[in-house]
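There are 4 protein chains.
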Amino acid sequence: MAPELNVSQWFNAPQDLTLKDLRGKVVVIEAFQMLCPGCILEGIPLAKSIHAAFPSDKVAMIGLHTVFEHHDAMTPVSLKAFLHEFKVTFPVAVDKAGPNNIPQTMETYGMRGTPSLILIDPEGELRAHHFGNVSELQIGAEIATLLK
Amino acid sequence: MAPELNVSQWFNAPQDLTLKDLRGKVVVIEAFQMLCPGCILEGIPLAKSIHAAFPSDKVAMIGLHTVFEHHDAMTPVSLKAFLHEFKVTFPVAVDKAGPNNIPQTMETYGMRGTPSLILIDPEGELRAHHFGNVSELQIGAEIATLLK
Amino acid sequence: MAPELNVSQWFNAPQDLTLKDLRGKVVVIEAFQMLCPGCILEGIPLAKSIHAAFPSDKVAMIGLHTVFEHHDAMTPVSLKAFLHEFKVTFPVAVDKAGPNNIPQTMETYGMRGTPSLILIDPEGELRAHHFGNVSELQIGAEIATLLK
Amino acid sequence: MAPELNVSQWFNAPQDLTLKDLRGKVVVIEAFQMLCPGCILEGIPLAKSIHAAFPSDKVAMIGLHTVFEHHDAMTPVSLKAFLHEFKVTFPVAVDKAGPNNIPQTMETYGMRGTPSLILIDPEGELRAHHFGNVSELQIGAEIATLLK
Numbered sequence: 001m002a003p004e005l006n007v008s009q010w011f012n013a014p015q016d017l018t019l020k021d022l023r024g025k026v027v028v029i030e031a032f033q034m035l036c037p038g039c040i041l042e043g044i045p046l047a048k049s050i051h052a053a054f055p056s057d058k059v060a061m062i063g064l065h066t067v068f069e070h071h072d073a074m075t076p077v078s079l080k081a082f083l084h085e086f087k088v089t090f091p092v093a094v095d096k097a098g099p100n101n102i103p104q105t106m107e108t109y110g111m112r113g114t115p116s117l118i119l120i121d122p123e124g125e126l127r128a129h130h131f132g133n134v135s136e137l138q139i140g141a142e143i144a145t146l147l148k
Numbered sequence: 149m150a151p152e153l154n155v156s157q158w159f160n161a162p163q164d165l166t167l168k169d170l171r172g173k174v175v176v177i178e179a180f181q182m183l184c185p186g187c188i189l190e191g192i193p194l195a196k197s198i199h200a201a202f203p204s205d206k207v208a209m210i211g212l213h214t215v216f217e218h219h220d221a222m223t224p225v226s227l228k229a230f231l232h233e234f235k236v237t238f239p240v241a242v243d244k245a246g247p248n249n250i251p252q253t254m255e256t257y258g259m260r261g262t263p264s265l266i267l268i269d270p271e272g273e274l275r276a277h278h279f280g281n282v283s284e285l286q287i288g289a290e291i292a293t294l295l296k
Numbered sequence: 297m298a299p300e301l302n303v304s305q306w307f308n309a310p311q312d313l314t315l316k317d318l319r320g321k322v323v324v325i326e327a328f329q330m331l332c333p334g335c336i337l338e339g340i341p342l343a344k345s346i347h348a349a350f351p352s353d354k355v356a357m358i359g360l361h362t363v364f365e366h367h368d369a370m371t372p373v374s375l376k377a378f379l380h381e382f383k384v385t386f387p388v389a390v391d392k393a394g395p396n397n398i399p400q401t402m403e404t405y406g407m408r409g410t411p412s413l414i415l416i417d418p419e420g421e422l423r424a425h426h427f428g429n430v431s432e433l434q435i436g437a438e439i440a441t442l443l444k
Numbered sequence: 445m446a447p448e449l450n451v452s453q454w455f456n457a458p459q460d461l462t463l464k465d466l467r468g469k470v471v472v473i474e475a476f477q478m479l480c481p482g483c484i485l486e487g488i489p490l491a492k493s494i495h496a497a498f499p500s501d502k503v504a505m506i507g508l509h510t511v512f513e514h515h516d517a518m519t520p521v522s523l524k525a526f527l528h529e530f531k532v533t534f535p536v537a538v539d540k541a542g543p544n545n546i547p548q549t550m551e552t553y554g555m556r557g558t559p560s561l562i563l564i565d566p567e568g569e570l571r572a573h574h575f576g577n578v579s580e581l582q583i584g585a586e587i588a589t590l591l592k
């Protein structure tokens, strides 16, 4: 089972979300840092495309701000402006700070850096974990496979 | 049922192919003209990505050269060099010339121009018909859906 | 004459710079905000290309962080991390805060937004002022013209 | 002095052109093959940008179709359709066939392949010879330098 998210704050969400609440949908988690070039150039555009391509009652697109460096530079105040400027409208969670510099959800999932993309099936099982750039063709196929 | 292809010549194929022979696989047909900018910039790269992303025992990627203009400029001699230069390695069929300027398979399928992308399921049913640029995310999802 | 910059802080500069000190060189000023998508996707890459293409004893490439919105989100602390992550190595000035929300140099030059690109000739004359995306071909030509 | 072009046919030109006739202008020659991917993706778009960016009474943009491979595939009939489809409106010369497979102008200039870009100053001197992809910033600067 995919471990629950540890979140300190949500943006673009009328209320806090949990993976448990999202059972029945495919959940796509885009883990990013707002000042990571690969996230800005590849990860966030991919997440926006996923959000636009699949109906929200079938696929839940979620951002996860996993700050593991430059913590003072990527605060929630800066993140809020980033989401506005880059027109990110899907829910985005701030990963809860952990001991050392790695936030808790990032640690639990063993993410190696940003961007990372996680796929969870409608039963709550962790089904894919990508690090770095991934092709839209492949992600489209993986999401559709979990939708069956 | 997807109508059979009318082909005057094959490239990159050890023997002539028919849709009937391909039952059991998802068949993806990229209809293109070698001098159509949208085909060179979008359609052919997409087809090459599909060919690379899915195993060939599950998904058959096929090009279809549907020349409906500049017929003297896009002969099989020129097409052969094009396929070599653009590193197209999947089978490519030359659509058989028809009355007027429209080749026969293009006419049968009612294609509106190039690039067009056709999806056929493993039972031989026509399942999607796109004209123009399509997103990799969407095509990846459609192919995976037919693979179920 | 190009008006002098009003700067509260410099990055990537061993000492504070003035336009007066730069007489004898073409000065290119890229005015940007670190969370402006057009700056990240077009303006900063152009500025990095200019910095790489022309010798630094002939052309001085300077960034100017002209924050006129989301002031709390684009502080010098965040800017420092941005410059590190996006590998910006030319000198970058923080435009000094002004009354209302417009910083002083931005106000003086009458800039309409970000990105803006300013060209100053070796005698200190303001010679071009672009707003928005500009072509590399055109900027290359304009810089070379001032170098004569 | 830049050697004269050896041309078998012109497109997009009301009459045959010679370098001698073009004295007084900077001449930019884009040597290409219509089925060379680097030409289609980089060289031709650059040439179109140059043609659009500089006034035609100052800068003469000329294409040169230097076919050194797949000769049967890239005939003037196919080239004509290519120029139409890719909206190339500047004059294009067909390099005259030579002994072996290398056309005559390509041989005379010692071009290593396609795309190649040649710059000639208003006095007819050969001033630059690039092979492969070149940056718009650099070419813009080089053209402007010759315009002085």
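Keeping their order, the protein sequence lines are chains A, B, C and D.
Anchor point for the first sequence: position 42 equals 42 in this note's numbering, and the numbering is continuous, going up by one each time.
Anchor point for the second sequence: position 88 equals 236 in this note's numbering, and the numbering is continuous, going up by one each time.
Anchor point for the third sequence: position 16 equals 312 in this note's numbering, and the numbering is continuous, going up by one each time.
Anchor point for the fourth sequence: position 95 equals 539 in this note's numbering, and the numbering is continuous, going up by one each time.
Every residue, glycine too, gets a C-beta built ideally from N, C-alpha and C.
Item                                                                                                                                                                                                            : Value
Assuming N504 (chain D) is part of the beta strand (DSSP E), what are its boundary residues?                                                                                                                    : A small fix is needed here, since residue 504 (chain D) is Ala in this sequence, not Asn. Here the beta strand (DSSP E) through A504 (chain D) covers 503 to 509.
Could you tell me which uninterrupted alpha helix (DSSP H) segments, each at least 4 residues in length, are contained entirely in the stretch 91 to 144 of chain A, listed from first to last along the chain? : 104 to 109
Helix, strand or coil for V27 (chain A) per DSSP?                                                                                                                                                               : strand
Is the beta carbon of L449 (chain D) less than 8 Å from the beta carbon of T533 (chain D)?                                                                                                                      : no
Work out the CA separation of F180 (chain B) and M209 (chain B) for me, nearest whole Å.                                                                                                                        : 13 Å
Using the three-state DSSP reduction, which class does F526 (chain D) fall into: helix, strand or coil?                                                                                                         : helix
Taking its Cβ as the centre, do 16 or more other Cβ atoms sit within 10 Å of K296 (chain B), making it buried, or is it exposed?                                                                                : exposed
So for V373 (chain C), helix, strand or coil by DSSP?                                                                                                                                                           : helix
Can you name the start and end residues of the alpha helix (DSSP H) that S345 (chain C) belongs to?                                                                                                             : 340 to 349
Which residues, taken in chain order from the stretch 208 to 241 of chain B, show a beta carbon closer than 9 Å to some beta carbon of chain D?                                                                 : E217, H218, D220, A221, M222, T223, V225, S226, L227, K228, A229, F230, H232, E233, F234, K235
Taking the straight line between their C-alpha atoms, what separation do you get for A588 (chain D) and L561 (chain D)?                                                                                         : 15 Å
Taking the alpha-carbon of P103 (chain A) as reference, which of A:V28, A:V7, A:A47, A:P91 has the nearest alpha-carbon?                                                                                        : A:V7
Residues of the stretch 458 to 478 of chain D with a CB closer than 7 Å to any CB of chain C: list them in chain order, please.                                                                                 : none
Determine, using beta carbons only, whether I40 (chain A) comes closer than 8 Å to chain C.                                                                                                                     : yes
Counting only beta-carbon atoms, is Q453 (chain D) nearer than 8 Å to chain C?                                                                                                                                  : no
Looking only at C-alpha atoms, which of A:L126, A:P3, A:T114, A:L137 sits nearest to G43 (chain A)?                                                                                                             : A:T114
Cα separation between P299 (chain C) and Q311 (chain C)?                                                                                                                                                        : 20 Å
If contact is defined by three or more beta carbon pairs under 8 Å, each pair taking one atom from either stretch, is the stretch 345 to 356 of chain C in contact with the stretch 318 to 327 of chain C?      : yes
Ignore the nearest five residues each way along the sequence and tell me which others in A496 (chain D)'s own chain have a CB closer than 7 Å to its CB.                                                        : none
Any idea if M407 (chain C) is buried or exposed, counting beta-carbon neighbours within 10 angstroms, 16 or more meaning buried?                                                                                : buried
Looking at chain A, which residues of the stretch 285 to 296 of chain B have a Cβ within less than 8 Å of any of its Cβ atoms?                                                                                  : L285, Q286, I287, G288, A289, E290, I291, A292, T293, L295, K296
From G186 (chain B) to P499 (chain D), what distance separates their C-alpha atoms?                                                                                                                             : 29 Å
Mind listing the chain B neighbours of A53 (chain A)? Cutoff is C-beta to C-beta under 9 Å, in chain order.                                                                                                     : S283, L285, Q286, A289
Can you pull the DSSP bridge partners for V7 (chain A)?                                                                                                                                                         : A:D95
How should P387 (chain C) be labelled, buried or exposed, when 16 other C-beta atoms within 10 angstroms of its C-beta is the threshold for buried?                                                             : buried
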